[in-house]
Amino acid sequence: MTTSSKKNFLKFIKYGEIPPAYKEIPYSPPHLVYESLMSPNSFLLESVKGPENIARYSFIGFDPYLTFKVKDGAVEINTKDKRAVSSANPLARLKSLVDAYRQTPLESLPPFQGGAVGLLSYDFVRYIEKLPKTTKDDLKIPDVHFLMIDKLIAFDHPAKKAWIVVCPGARDTELGYGDVDIDPVRKKSQPELSNGVDWAEKYDEAEETIKNIRYRIQDTGCRAEEEKNHASCSAHHASSIRHEMSKEQYMDIVKRAKEYIAAGDIFQANISLRVSADIGDIKTWSLYKILRSINPSPFAGYIDFGDYQLVSSSPERLLKVKGGVIETRPIAGTRPRGRDMKEDELMRTELLLNEKERAEHIMLIDLERNDIGRVSDYGSVHVDELMITEDYSHVIHIVSNVKGNLASGKNCFDAIKAAFPGGTITGVPKVRCMEIIDELEPVSRGPYTGSFGYIGFSGSMDLNIVIRTFVIKDGFAYVQAGAGIVADSDPEKEYYESLKKAEALIRTLERL
Numbered sequence: 040m041t042t043s044s045k046k047n048f049l050k051f052i053k054y055g056e057i058p059p060a061y062k063e064i065p066y067s068p069p070h071l072v073y074e075s076l077m078s079p080n081s082f083l084l085e086s087v088k089g090p091e092n093i094a095r096y097s098f099i100g101f102d103p104y105l106t107f108k109v110k111d112g113a114v115e116i117n118t119k120d121k122r123a124v125s126s127a128n129p130l131a132r133l134k135s136l137v138d139a140y141r142q143t144p145l146e147s148l149p150p151f152q153g154g155a156v157g158l159l160s161y162d163f164v165r166y167i168e169k170l171p172k173t174t175k176d177d178l179k180i181p182d183v184h185f186l187m188i189d190k191l192i193a194f195d196h197p198a199k200k201a202w203i204v205v206c207p208g209a210r211d212t213e214l215g216y217g218d219v220d221i222d223p224v225r226k227k228s229q230p231e232l233s234n235g236v237d238w239a240e241k242y243d244e245a246e247e248t249i250k251n252i253r254y255r256i257q258d259t260g261c262r263a264e265e266e267k268n269h270a271s272c273s274a275h276h277a278s279s280i281r282h283e284m285s286k287e288q289y290m291d292i293v294k295r296a297k298e299y300i301a302a303g304d305i306f307q308a309n310i311s312l313r314v315s316a317d318i319g320d321i322k323t324w325s326l327y328k329i330l331r332s333i334n335p336s337p338f339a340g341y342i343d344f345g346d347y348q349l350v351s352s353s354p355e356r357l358l359k360v361k362g363g364v365i366e367t368r369p370i371a372g373t374r375p376r377g378r379d380m381k382e383d384e385l386m387r388t389e390l391l392l393n394e395k396e397r398a399e400h401i402m403l404i405d406l407e408r409n410d411i412g413r414v415s416d417y418g419s420v421h422v423d424e425l426m427i428t429e430d431y432s433h434v435i436h437i438v439s440n441v442k443g444n445l446a447s448g449k450n451c452f453d454a455i456k457a458a459f460p461g462g463t464i465t466g467v468p469k470v471r472c473m474e475i476i477d478e479l480e481p482v483s484r485g486p487y488t489g490s491f492g493y494i495g496f497s498g499s500m501d502l503n504i505v506i507r508t509f510v511i512k513d514g515f516a517y518v519q520a521g522a523g524i525v526a527d528s529d530p531e532k533e534y535y536e537s538l539k540k541a542e543a544l545i546r547t548l549e550r551l
């Protein structure tokens, strides 16, 4: 098993670079490891199942050294003993916090080695585009909510490897320092000192943190996973599921969206509905364990923000940035799973041959290519996977992958401004569709169709699209799902497609 050393760490420091400290540990399923570390302001970003190239890594983090929240234009930053509120630009302020610690990533470790983990709610788009705001914001979830993480556990599933990773000195930055700047006078005599920081001491502190985390998770490998993931600690069971919009109401909204399409305002729009259930004091972690078993997905996750939680089995990536390459992975086109393998194959064939589904998917690929192209080198944007099918527990999807080379001077935050929110869950053209969504849908989307994931100190990023996700707040679980509406959409079929997309989550509630 591999581990970092103080000697090698200080060699990096000598050349103005700050690598992480790390130690390889025995591999165990991430959700079992997380049970030893879970607490408010902690997370599990988990690739439960999917193609190896997209479902390779998982990450656990806890005890952030700083939290970053934005609501209605107010930016709030909290550390253990400080609180600051301002009206700064949210992305610019978050970027300054990430840039305060300039990490040198190690290629031998998974791509996230510390940084910001959190949520961009759908309504964050209002900081990018001028949009009306007429819907009711009943959940009052932050528009932006991130945890600054300097210690984590990273998993490489195909390799069956795991590491504890710690960022020496990051916790002391707060509003911090960036590049290491060695004073040439003392470079030879005291290479471990720069910017007034004793890096040898910071490395020792990181090693102590690694030891403490190892102690907390040492029994994980011996813990047997329970087959029945019931909330046995509570006598409360989820109340019957409440559909917040009737079939007739949804169909009426679809018809109104089709009127905009017929008038030439838009070509396609994603229209959603919401269901909810009273789950009382049922532990939200129990909900995640059931969901991951029913609907294992590549961009799943559990984030406990304290006063609300996200419980997700998302199949879709919004953005990935790594090594100067930017990519997005749109999903558009859905059929229910068959009763057996033969029926599944018939469903896949019918889906791929359906002219409506193909036209809609290609239109959305063009939208994503345009979004990615805004921050990519000219001529570099290409589709490296075109209209393949992926099977999930209750549905089959058409999926494509779009890549580009990130242009010089562009970064993760530029990519977010260019592509957020995803076109597959808004429509074409995107801005006009969002105006119509605001008009037609009765409540604010909140986290739904926003994104969560990580933005690394090293410049890497991976964000999902928040679909197939519970939002848990004040004892209630909320689920939202939608369908892409085009000119020849059947309103009744679109209603049932929306419910089909939410089926895994509804079944999860029924098992509580």
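Residue numbers (this note's numbering): 40 to 551. Every residue, glycine too, gets a C-beta built ideally from N, C-alpha and C. Note that the structure is predicted; figures quoted are calculated from it, not measured.
Ordered along the chain, which non-local residues of its own chain (more than five positions away) have a Cβ less than 7 Å from that of residue i?
{"i": "residue 552", "result": "Because the chain in this structure spans residues 40 to 551, residue 552 falls outside the shown range and cannot be described."}
{"i": "residue 167", "result": "456, 459"}
{"i": "residue 431", "result": "334, 336, 354"}
Return the residue from the list the options that minimises the CA-CA distance to residue i.
{"i": "residue 188", "options": "131, 481, 103", "result": "103"}
{"i": "residue 86", "options": "477, 502, 184", "result": "502"}
{"i": "residue 433", "options": "199, 537, 446", "result": "537"}
{"i": "residue 290", "options": "475, 362, 198, 533", "result": "533"}
{"i": "residue 452", "options": "118, 74, 128, 105", "result": "128"}
{"i": "residue 91", "options": "248, 487, 196", "result": "196"}
{"i": "residue 120", "options": "510, 535, 211, 298", "result": "211"}
{"i": "residue 470", "options": "284, 424, 162, 148", "result": "162"}
{"i": "residue 111", "options": "164, 149, 134", "result": "164"}
{"i": "residue 251", "options": "236, 296, 284, 205", "result": "205"}
{"i": "residue 320", "options": "140, 511, 396", "result": "511"}
{"i": "residue 76", "options": "158, 45, 57, 192", "result": "192"}
{"i": "residue 546", "options": "122, 332, 475", "result": "332"}
Between residue i and residue j, what straight-line distance do the alpha-carbon atoms span, to the nearest angstrom?
{"i": "residue 327", "j": "residue 351", "result": "7 Å"}
{"i": "residue 305", "j": "residue 100", "result": "42 Å"}
{"i": "residue 483", "j": "residue 520", "result": "13 Å"}
{"i": "residue 551", "j": "residue 330", "result": "11 Å"}
{"i": "residue 445", "j": "residue 287", "result": "45 Å"}
{"i": "residue 131", "j": "residue 146", "result": "28 Å"}
{"i": "residue 59", "j": "residue 142", "result": "7 Å"}
{"i": "residue 105", "j": "residue 549", "result": "37 Å"}
{"i": "residue 322", "j": "residue 47", "result": "44 Å"}
{"i": "residue 318", "j": "residue 83", "result": "22 Å"}
{"i": "residue 248", "j": "residue 347", "result": "28 Å"}
DSSP three-state label for residue i, please.
{"i": "residue 150", "result": "coil"}
{"i": "residue 503", "result": "strand"}
{"i": "residue 74", "result": "coil"}
{"i": "residue 313", "result": "strand"}
{"i": "residue 257", "result": "coil"}
{"i": "residue 129", "result": "helix"}
{"i": "residue 195", "result": "strand"}
{"i": "residue 368", "result": "strand"}
{"i": "residue 203", "result": "strand"}
{"i": "residue 280", "result": "coil"}
{"i": "residue 444", "result": "strand"}
{"i": "residue 122", "result": "strand"}
{"i": "residue 341", "result": "strand"}
{"i": "residue 274", "result": "With a pLDDT of 44 at residue 274, under the threshold of 50, the modelled position of this residue cannot be trusted, and the question is left open."}
{"i": "residue 251", "result": "helix"}
{"i": "residue 80", "result": "coil"}
{"i": "residue 164", "result": "helix"}
{"i": "residue 69", "result": "helix"}
{"i": "residue 548", "result": "helix"}
{"i": "residue 414", "result": "coil"}
{"i": "residue 400", "result": "helix"}
Could you tell me whether the Cβ atoms of residue i and residue j are closer together than 8 Å?
{"i": "residue 399", "j": "residue 371", "result": "yes"}
{"i": "residue 489", "j": "residue 160", "result": "yes"}
{"i": "residue 202", "j": "residue 64", "result": "yes"}
{"i": "residue 523", "j": "residue 307", "result": "yes"}
{"i": "residue 337", "j": "residue 543", "result": "no"}
{"i": "residue 454", "j": "residue 364", "result": "no"}
{"i": "residue 422", "j": "residue 439", "result": "yes"}
{"i": "residue 491", "j": "residue 315", "result": "no"}
{"i": "residue 518", "j": "residue 313", "result": "yes"}
{"i": "residue 297", "j": "residue 526", "result": "yes"}
Can you find the residues in the same chain that come closer than 6 Å, C-beta to C-beta, to residue i, ignoring five residues on each side of it along the sequence?
{"i": "residue 151", "result": "98, 493, 495"}
{"i": "residue 108", "result": "115, 181, 184"}
{"i": "residue 125", "result": "114"}
{"i": "residue 420", "result": "408, 411, 412, 443"}
Any Cβ of chain D within less than 8 Å of the Cβ of residue i?
{"i": "residue 107", "result": "In the structure shown, chain D cannot be found, because there is only a single protein chain."}
Report all residues from its chain with a CB closer than 8 Å to the CB of residue i; omit the five preceding and five following residues, and keep chain order.
{"i": "residue 480", "result": "174, 292, 310, 311"}
{"i": "residue 477", "result": "170, 171, 172, 173, 174"}
{"i": "residue 198", "result": "none"}
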